[in-house]
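In our numbering, the protein residues as written are 10 to 374.
Encoded as C-alpha cells, the structure appears first; notes follow it.
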Amino acid sequence: MPSQSFAQLYVKPAKQDNLPAPSLTKICYKHSLFNINPAEIKSYTEKTGKGFSDIILDFEGYPKFPLNIYKHDIIAADYKLVLADESGKKTYSGPGGITFTGMLEQQADSRVYLTLTNNIIFGFIQSGDKKYFIEPLQYILKGANPNTFIVYEAGDVIPQSGISCGVTEAHQKLAQYDFSKETGNPQDATGTCRMVEMAIAKDHLMLEKYISVDNLQERNIGILNIMNGMYANAQFGTQYLEFKIKGQFVAASSATNPLSPSYNGTDPSVILQNFTNWGQAGNFGFTYDIGLLWSGRDFDGSTVGLAWVGTTCTSNRYQIDQDFSSSSLTLASLIAHETGHNLNAQHDAGGGFIMAASIQKPTGT
C-alpha cells in the first residue's frame, strides 16, 4: 500500500440548481447536480504517482469528503478492447491507471472506490453506514453536459419492483463438472486473496445507448470497480476476492453481437446459452475466468440477470445482465449478484444482501 502523501487538492463544484431533469425523480428521491472538472482531479492524482492523493470534495448539501486514495488498477496488464463491426475486428490497448480506492481521512469505517479520467469521476464514497454515489449525468440523460455529475445517497435510490434474477435449478450446472480437470480451478488458490479475471461483452444496443466506445468502456470499468467495493469484505470459504478486467468486446452492429447462433429475441435463457457458445468459441480473443454480457435488450418477464451457477473457470463461466437501470448502484448490484452465482453462491432468503433473489440495492455483502 502506498505510504507517500502530497499537498491537498480542494474541490468545491458549482451546484446546478436550475438544470431541469425531471426524469431523475424516477431514479432517486433526492439528488443534486454539480459541475465538475474531472481533468483537474485526474491531473492531481498523476502528480502523486503511486502515492496517496489527498483530495477534499466539498459538495453543497453533503458532508465534506476528505479523500485519501491511491491507484488500484483493475485493468489487467494485457487488457484488450475489441471493437467488432461488419468490416472485422479492431483491437486497442486499455486505459490503465484510472481506478482508485482508499478511505476518508481518519475514518476507519469508510471506503472509497472511484474511477477517474479526464472526462469522468464515477463511483462511491462510504462513510459509516451511508454510501454516496457520483456519476456522469450523460450516463443517465443522453446529450447531457459532460461536465455535469449527479450525486446521491444510496438510501435515496427508488426501488424497482417486479425485477429478479432468473436463476433456477435448470441453470445450476455445478454437478456436471469435475473441477479437478479444469484449468484455473478456483479451489486451487493459495493464500487469502483470489483474483478473478473478467471479460465484458456489450451488444450493439449498448453502443447505441452510450454513443461512443470510450464512454461505454469507461462506464463498464467504473461499474466493475464499484462491484469490487461491494465484495471488499465478502469471503468465499477462506478467501477474499478481487476482480480484474482482462478485456472488453463491443459489438458495433447487430451482425456482430456476441451470440452464437445469432438471435434477435429477448428470452434470457436463449441469450445466455448463445453467449456461452460464442464465448467458448474463443471470440473474446483472450483468456478469462468469467464472461459477462451487458445487453440493451428488455429480457422477457421480470428477469434482468441470469448466470450459470458454480461454473467459474469452466466452459459455462458466463452471465448476462440487462442494462435496465440508470443507477450505477443498482447495476453494480446486478453484476455482483450474477457473479456470485458463477462462484456458486445461492439465493439469500433474506433481503438487503447481494444474493437476494430480488435485485435491489444491497445493504451488505
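C-beta atoms are modelled at their ideal positions from N, C-alpha and C, and glycine is treated no differently.
What you are looking at is a predicted structure, and each value in this text was computed from that prediction instead of being measured.
- The beta-bridge partner set that DSSP reports for Q331 consists of S304.
- Between the alpha carbons of L214 and G111 lies a gap of roughly 34 Å.
- Under DSSP, C37 takes part in a beta bridge, and its partners are V166.
- Taking the CA atoms as reference points, T57 sits about 35 Å from F293.
- The beta carbon of R120 sits closer than 7 Å to the beta carbons of M112, Q135, G238 and A241 from its chain, once the five residues preceding and following it are set aside; these are given in chain order.
- Scanning its chain for C-beta atoms nearer than 7 Å, with the 5 sequence neighbours on each side dropped, one finds around M204 the residues E251 and K253, in chain order.
- Annotation: N273 is outside any beta strand (DSSP E) and is labelled neither H nor E by DSSP.
- In summary, Q257 is buried, with 16 or more beta-carbon neighbours lying within 10 Å of its beta-carbon over all protein chains present.
- E144 sits in a strand when the DSSP states are folded into three classes.
- Closest in alpha carbon position to K98, among N266, S278 and L146, is N266.
- Per the C-alpha coordinates, the member of K140, S278 and Q328 positioned closest to D118 is K140.
- Under the criterion of beta carbons closer than 8 Å, P47 and T126 qualify as touching, at roughly 6 Å.
- Classified as buried, N77 has 16 or more neighbouring CB atoms from the shown chains inside 10 Å of its CB.
- Less than 9 Å divides the Cβ of G132 from the Cβ of I235.
- By the neighbour-count definition (other C-beta atoms within 10 Å, threshold 16), D298 is a buried residue.
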